[in-house]
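*Asks:*
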Amino acid sequence: MHIKTDDIVVVISGSHKGKSGKVLQILKSKERAIVEGLNMVKRHQKQSDPNDPQSGGIIEREASLHISNLMEESRYNARQAK
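So the mapping is simple: the numbering used here equals the position in the sequence shown, first residue as 1, plus 480.
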């Protein structure tokens, strides 16, 4: 894989095209990566403690992107300068 954890990457295709972020996790078996601040989805979490109203609710977190849609920022900038 050409992308590793903690790399700064740019999305080259899809709805988040042109946005950049830091790679938090690589899912090798699925060929996907989780990028900080991109592809945010909302998940509904069930309340774990009935006495604590803050334990449940709607949580926003990053979803994975396919690695073919990502490029290292240094390579992306070199391509733009060409």
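Yeah, the Cβ is synthetic: ideal placement off N, Cα and C, and Gly gets one too.
Which residue from G494, I492 and D487 puts its Cα closest to that of Q505?
*Replies:* D487
*Asks:* If you draw a straight line from the alpha carbon of V489 to that of D532, how long is it in whole angstroms?
*Replies:* 39 Å
*Asks:* When the Cα of I538 is compared with those of S495, K526, M551 and H546, which residue comes out closest?
*Replies:* K526
*Asks:* Can you check which of these residues, H496, H482, K484 and S500, is closest to N557 by C-alpha distance?
*Replies:* Among H496, H482, K484 and S500, the Cα nearest to that of N557 belongs to S500.
*Asks:* If you drop the 5 nearest sequence neighbours on each side, which residues of the same chain put their C-beta closer than 6 Å to that of S535?
*Replies:* These residues qualify, in order along the chain: Q527, S528 and D529.
*Asks:* Determine the contact status of I514 and M551, defining contact as a CB-CB distance below 9 Å.
*Replies:* In this structure, the beta-carbon distance from I514 to M551 does not fall below 9 Å.
*Asks:* Sort out for me which residues DSSP pairs I506 with in a bridge.
*Replies:* Beta-bridge pairing links I506 to A513.
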